[in-house]
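Inspection log for the structure reproduced underneath, given as structure tokens.
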Amino acid sequence: MVRALRWIVFAIAVLAMNFPIVVTLITSLKSQRELSTNPGLWISQPTLDNYLEVLTHTSRFNIYAYLLNSTVAALIGTGLAIVLAFPAAYAIARSEAGKRLVLPIVINLRAVPLIIFAIPLYMMYQWLGLLDTRIGLGLILTIVNAPLALVILVNAISDVPVELDEAAKVDGASSLQVMMMIVRPVIRPALVTTFIFGFITAWNEFLFGLMLTTSRAVPMTVGASFFFAASGGGVKWGTASAVMMLGALPPALLGLVMYRQISGSMTAGAVKG
Amino acid sequence: MNHLPDAGSRLGVRRVWRIDMALVTRAEGRMYLTPLVGFLLLFLGFPAIVNLIYSVSTVTFETLRSPVLSGFSNYVAVLNDREFWSSAWFSLRFGVLTASAECLIGLFLAIFLAPLLGKRPVLMAPLMLPLMVAPAMVGLMYRLVLHEFAGPVPYYLFEWFGDSPAFLDINNAFRTLVVVETLQWTPFAFLLFYMAYSAIPLDVREASSLDGASPFEIVRWIDLPLMKPTLVIAFFIRFIDGFRVFDNVYALTGSGAGGSTTSLSIYIYQAFFKEGAIGKAVAASVVLFVASFIVLHGLNRLAGRRKL
Chain A
138 MVRALRWIVF AIAVLAMNFP IVVTLITSLK SQRELSTNPG LWISQPTLDN YLEVLTHTSR
198 FNIYAYLLNS TVAALIGTGL AIVLAFPAAY AIARSEAGKR LVLPIVINLR AVPLIIFAIP
258 LYMMYQWLGL LDTRIGLGLI LTIVNAPLAL VILVNAISDV PVELDEAAKV DGASSLQVMM
318 MIVRPVIRPA LVTTFIFGFI TAWNEFLFGL MLTTSRAVPM TVGASFFFAA SGGGVKWGTA
378 SAVMMLGALP PALLGLVMYR QISGSMTAGA VKG
Chain B
203 MNHLPDAGSR LGVRRVWRID MALVTRAEGR MYLTPLVGFL LLFLGFPAIV NLIYSVSTVT
263 FETLRSPVLS GFSNYVAVLN DREFWSSAWF SLRFGVLTAS AECLIGLFLA IFLAPLLGKR
323 PVLMAPLMLP LMVAPAMVGL MYRLVLHEFA GPVPYYLFEW FGDSPAFLDI NNAFRTLVVV
383 ETLQWTPFAF LLFYMAYSAI PLDVREASSL DGASPFEIVR WIDLPLMKPT LVIAFFIRFI
443 DGFRVFDNVY ALTGSGAGGS TTSLSIYIYQ AFFKEGAIGK AVAASVVLFV ASFIVLHGLN
503 RLAGRRKL
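Taken in sequence, the protein lines are chains A and B.
Heads up, the working numbering is the position in the first sequence plus 137, with the first residue counted as 1.
Heads up, the working numbering is the position in the second sequence plus 202, with the first residue counted as 1.
Next comes the structure, spelled out in structure tokens:
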């Protein structure tokens, strides 16, 4: 009896929380004609026409460009965050450096509204010619990703037994060699998780994409909102839904496959921080 | 040849060696921190200084590189701007309401669904899916969900009740946004609570059950007190995220509905990009920075005291 109730609550929660995704998926599979008569949650004649149109008619709305921009910027933003955070995390976990100032400041960074820095960054980018470039966007995404990357990696390295480092050190390895050849392979799972989670976060970022790009480097989240703005009042809901599904797909797929690892990293800063 | 020294001498070697040199010397540690710190100084420290200078200057897009110091007039303008205070009020209410709703629902789901999820961990995946989708994208999706002709919600409300409210007009937009934010981020609170709940040893609950405690009493007197730190942290994380909300509000209503959905982040964005009021936007940024610094400082002291 209680078990049945649990299943019912589970079903309601999943449906309610995923409702926009479900509606968008259903709408994306309806034909233009069906849409004008049937806004309900069933489909009488499922079709892939909307996806075909989005993927083939690229003259007005080039989804490939947006997807590519998001991918490149997210890869830079995640890769660079890890490259910067890993040695710092090693130093914090294994020495006295950085514990008192760097770690707390970076952790708190996660809670600071980043819009505070947006305007000077915009001006700085204008001087540097980084406006509307993928690299520029990637560098900002590095800032977005760095705090959580640092927390996850500090936690992971702290869990590695010090004896491992010591053994290598006794054999004559330098601390750089220990970091790269002993610690790095051992915490590989944490590096992968950091990468996946960072990639999802970077892909889903919106504010800086909106402010710092205008045409060449526009990421998917901003591109999708362009699609709405450009079509004015007469939004073609079928194709709009297909755009949203395609834009949401990469992080959603990654998240569904790796949900177990990600749940760990989502809570990392919260539980230990 | 015997390469393995006996346990005693190995221990001795290690003790000596530990005194001789740390695993990572202080200088090396600083070196490893440098790239990250340098990057953060360049991308956050420098902008922070620019913020401070520009906030006490007269500056326009034409004179961007030569700001003229002009005292605190920008701050006065911001603090006298009714829209600034109404957006601050929006952010505060939005943060408190969404964080409370998310924590309450998340807590209920975590405890009530725990037996189900313990046996079938894969059920976590659909519960976590909303966290993987961009808030901006979710905002756009709700434009469809709530659209008066194409959206299923108005459609069914008309079908069943003969009427449907205008979800995004000036009277309802705030409530609609609170629901949208809550539905997307309840999984985050749920996740934290579920992990904290699962970490409570089973025998604690079994023992009190043997002593005759009802399931409700166990939750009230065992689980909740043990989960209290997580409850506090989850509330603050969700409050901060709700307070600085931008993406989904911007995508769903802009600052639309008669300006009734302008959060602080949107206020700053618009002052800069729509009005070109750089000084005002920057001064508002500094005010927000100081406010979040005070909140974070208080929070850290709270956390520090708890550890002692």
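Here a beta-carbon is modelled for each residue, glycine too, at the ideal position from N, C-alpha and C.
Who are the neighbours of residue i on chain A, taking C-beta pairs under 9 Å?
i, result
"P249 (chain B)", "I253, F254, A255, I256, P257, L258, M260 and M261"
"F245 (chain B)", "F254, L258, M261, L276, I277, T279 and I280"
"F363 (chain B)", "Those do not exist, as F363 (chain B) stays about 15 Å from chain A at its closest Cβ, beyond 9 Å."
"L359 (chain B)", "Near L359 (chain B) there are no residues of chain A at all, since even the closest Cβ is about 11 Å away, more than 9 Å."
Could you give the DSSP three-state label for residue i: helix, strand or coil?
i, result
"T350 (chain A)", "coil"
"T384 (chain B)", "helix"
"I251 (chain B)", "helix"
"V406 (chain B)", "helix"
"V270 (chain B)", "strand"
"T215 (chain A)", "helix"
"S366 (chain B)", "coil"
"T270 (chain A)", "coil"
"S207 (chain A)", "helix"
"S259 (chain B)", "strand"
"L510 (chain B)", "Interpretation of L510 (chain B) is limited by its pLDDT of 36, a score under 50 that renders its predicted location unreliable; no figure is taken from the coordinates."
"G210 (chain B)", "Only weak support is given to the placement of G210 (chain B): the predicted model assigns it a pLDDT of 42, under 50, and the value that follows is read from those uncertain coordinates. Helix."
"A327 (chain B)", "helix"
"W179 (chain A)", "coil"
"F336 (chain A)", "helix"
"L419 (chain B)", "Going by the sequence as given, residue 419 (chain B) is Glu instead of Leu. Looking at E419 (chain B) - three-state DSSP - the assignment turns out to be helix."
"E342 (chain A)", "coil"
"S176 (chain B)", "Since the first residue shown for chain B is 203 and the last is 510, residue 176 (chain B) is missing from the structure and cannot be characterised."
"L348 (chain B)", "coil"
"G500 (chain B)", "helix"
"L412 (chain B)", "helix"
Which chain B residues sit within Cβ distance under 8 Å of residue i?
i, result
"T404 (chain A)", "L393, L394 and M397"
"N245 (chain A)", "L498 and N502"
"D302 (chain A)", "L225"
"Y396 (chain A)", "M326, A327 and M330"
What in chain A is Cβ-close to residue i, meaning under 7 Å?
i, result
"P332 (chain B)", "M154 and N155"
"R232 (chain B)", "A234"
Would you say residue i and residue j are within 8 Å of each other, going by their C-beta atoms?
i, j, result
"S293 (chain B)", "S465 (chain B)", "yes"
"N292 (chain A)", "G214 (chain A)", "no"
"A339 (chain A)", "A211 (chain A)", "yes"
"L359 (chain B)", "L454 (chain B)", "no"
"L346 (chain B)", "P356 (chain B)", "no"
"G481 (chain B)", "V261 (chain B)", "yes"
"T350 (chain A)", "S402 (chain A)", "no"
"A354 (chain A)", "D302 (chain A)", "no"
"S369 (chain B)", "S462 (chain B)", "The displayed chain sequence assigns Phe, not Ser, to residue 369 (chain B). In this structure, S462 (chain B) does not lie closer than 8 Å to F369 (chain B) by Cβ."
"T279 (chain A)", "A218 (chain A)", "yes"
"M326 (chain B)", "Y396 (chain A)", "yes"
"Y399 (chain B)", "D425 (chain B)", "yes"
"L221 (chain A)", "L246 (chain B)", "no"
"P356 (chain A)", "L274 (chain A)", "yes"
"G231 (chain B)", "E233 (chain A)", "yes"
"F363 (chain A)", "A377 (chain A)", "no"
For residue i, go through chain A and note every residue whose CB falls closer than 8 Å to its CB, in chain order.
i, result
"F296 (chain B)", "Within 8 Å Cβ-Cβ: nothing; F296 (chain B) doesn't reach chain A, min ~13 Å."
"P185 (chain B)", "Here chain B covers residues 203 to 510 and nothing more, so residue 185 (chain B) does not appear."
Name the chain B residues whose beta carbon is nearer than 9 Å to that of residue i?
i, result
"V299 (chain A)", "L225"
"P460 (chain A)", "It is not possible to answer for residue 460 (chain A), since the shown part of chain A is limited to 138 through 410."
"L393 (chain A)", "A327, P328, M330, L331 and M334"
"F365 (chain A)", "L342, R345 and A453"
Using the beta-carbon of each residue, which ones in chain B are nearer than 7 Å to residue i?
i, result
"T358 (chain A)", "A336, A338 and M339"
"M381 (chain A)", "M339, L342 and M343"
"F345 (chain A)", "Simply none; closest approach about 10 Å."
"T208 (chain A)", "Residues of chain B passing the Cβ test: none, with the nearest at roughly 14 Å."
Open item on the list: If the cut-off is 7 Å on Cβ atoms, which residues from the segment 438-457 of chain B count as contacting chain A, listed in chain order?
Closed with: Interface annotation for the segment 438-457 of chain B against chain A: I439, I442, R446, F448, D449 and A453, criterion Cβ-Cβ distance under 7 Å.
Open item on the list: Residues of the segment 343-357 of chain B in Cβ contact with chain A at a cutoff of 9 Å, in chain order, please.
Closed with: Those residues of the segment 343-357 of chain B placed with their C-beta closer than 9 Å to a C-beta in chain A are M343, Y344, R345, L346, V347, H349, F351, A352, G353, P354, V355, P356 and Y357, ordered along the chain.
Open item on the list: Measuring CB atoms only, is the segment 183-199 of chain A touching the segment 331-347 of chain A, in the sense that at least three cross pairs come out at less than 8 Å?
Closed with: No, they do not touch.
Task: Contact between the segment 374-394 of chain A and the segment 308-315 of chain B (3+ Cβ pairs under 8 Å) - done: No: the two stretches stay apart, fewer than three of their Cβ pairs being nearer than 8 Å.
Open item on the list: For the segment 465-484 of chain B against the segment 239-253 of chain A, do three or more pairs of beta-carbon atoms, one drawn from each stretch, fall closer than 8 Å, so that the two count as touching?
Closed with: Touching, yes, given that three or more Cβ pairs across the two stretches are closer than 8 Å.
- [ ] Check each residue of the segment 321-343 of chain A: if its Cβ is closer than 9 Å to any Cβ of chain B, include it; give the result in chain order.
- [x] Across the segment 321-343 of chain A, CB contacts with chain B closer than 9 Å involve I337, W340, N341, E342 and F343, in sequence order along the chain.
Open item on the list: Within 8 Å, do at least three Cβ pairs link the segment 323-339 of chain B to the segment 385-396 of chain A?
Closed with: Judged by Cβ distances under 8 Å, the segment 385-396 of chain A makes contact with the segment 323-339 of chain B, as three or more pairs qualify.
- [ ] Check whether the segment 285-304 of chain B touches the segment 387-394 of chain B, taking contact to mean three or more Cβ pairs, one atom from each stretch, closer than 8 Å.
- [x] At 8 Å Cβ cutoff, the stretches touch.
Open item on the list: Taking beta-carbon pairs under 7 Å, can you tell me which members of the segment 252-267 of chain B lie near chain A?
Closed with: Against chain A - using a Cβ distance shorter than 7 Å - the residues of the segment 252-267 of chain B are V252, N253 and L266.
Open item on the list: Does the segment 170-183 of chain A come into contact with the segment 230-245 of chain A, if we say contact requires no fewer than three beta-carbon pairs (one atom in each stretch) closer than 8 Å?
Closed with: The segment 170-183 of chain A is not in contact with the segment 230-245 of chain A.
Task: Short-range partners of chain B found in the segment 258-287 of chain A, where Cβ spacing is below 9 Å - done: Listed by position, the residues of the segment 258-287 of chain A near chain B (Cβ gap below 9 Å) are L258, Y259, M260, M261, Q263, W264, L276, I277, T279, I280, A283 and L287.
Open item on the list: Under 7 Å, CB to CB, which of the residues in the segment 168-197 of chain A have a partner in chain B?
Closed with: Residues of the segment 168-197 of chain A with a C-beta atom less than 7 Å from some C-beta of chain B are L172, P176, G177 and L178, listed in chain order.
TODO: Taking 8 Å as the threshold, find out whether the segment 191-211 of chain A comes into contact with the segment 222-237 of chain B through three or more Cβ pairs.
DONE: The answer is no - the segment 222-237 of chain B does not touch the segment 191-211 of chain A, with fewer than three Cβ pairs under 8 Å.
TODO: Would you check if the segment 251-260 of chain B and the segment 273-282 of chain B touch, i.e. whether three or more CB-CB distances between them fall below 8 Å?
DONE: For the pair of segments examined, the segment 273-282 of chain B was found to touch the segment 251-260 of chain B: the number of CB pairs separated by less than 8 Å reaches three.
Task: Validate contact between the segment 278-291 of chain B and the segment 425-437 of chain B using beta carbons, cut 8 Å, 3 pairs - done: No, the segment 278-291 of chain B does not touch the segment 425-437 of chain B.
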